[in-house]
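Q: Sending over a structure as structure tokens; questions will come in a sec.
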Amino acid sequence: QVQLVESGGGLVQAGGSLRLSCAASGSTFSIKTMGWYRQAPGKLRELVAAIGPGGSTSYAESVKGRFTISRDNAKKTVYLQMSSLKPEDTAVYYCTSGITGNVYWGQGTQVTVSS
């Protein structure tokens, strides 16, 4: 069983930055692809960024160049550094262990970007 706890969300003005953190439990962190999803009101949940066990990363087109995903295997923590935030980035952000198959989800953290 994997438990994921996100933190770092909040209210920020457009153009600002936030860093989300996701602390994981369990022994499989270092071998799992970790992801950040988001869901805005009335919209489908979307994969924002993912990072593989070896550190390879991928991003949604909408956040490329603005968001950076990273991981610290010793701390079992994955991060999402968000910069140049836009109002359309407003959503609940979820951390996941795995992005296909058996996926574990955190409880989510709200990010609100004001214009």
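Residue numbers (my numbering): 1304 to 1418. Even for Gly, the Cβ is constructed at its ideal location relative to N, Cα and C. In this text the structure is predicted, and so the values were computed from the model without any measurement.
Give the single residue among S1418, S1400 and Y1396 whose Cα lies nearest to the Cα of Q1304.
A: One-based indexing of the sequence shown puts residue 1304 at position 1. Closest by alpha carbon: S1400.
Q: Excluding five sequence neighbours on each side, which residues of the same chain lie with their C-beta closer than 8 Å to the C-beta of N1405?
A: Within the sequence shown, the letter at position 102 stands for residue 1405. Nothing meets the Cβ criterion.
Q: What residues are listed by DSSP as bridge partners for R1348?
A: As a first step, residue 1348 is located in the sequence shown; it is residue number 45 there, counting from the start. R1348 pairs with nothing; no bridge assigned.
Q: Around the C-beta of R1341, are 16 or more other C-beta atoms found within 10 angstroms, so that it is buried, or is it exposed?
A: Here residue 1341 refers to the residue found at position 38 when the sequence shown is read from its first residue. Under this definition R1341 is a buried residue.
Q: Quick check on G1329: buried or exposed, where buried means 16 or more other Cβ atoms within 10 Å of its Cβ?
A: On the sequence shown, residue 1329 is found 26 positions in, with the first residue counted as 1. When all chains shown are included, G1329 counts as exposed.
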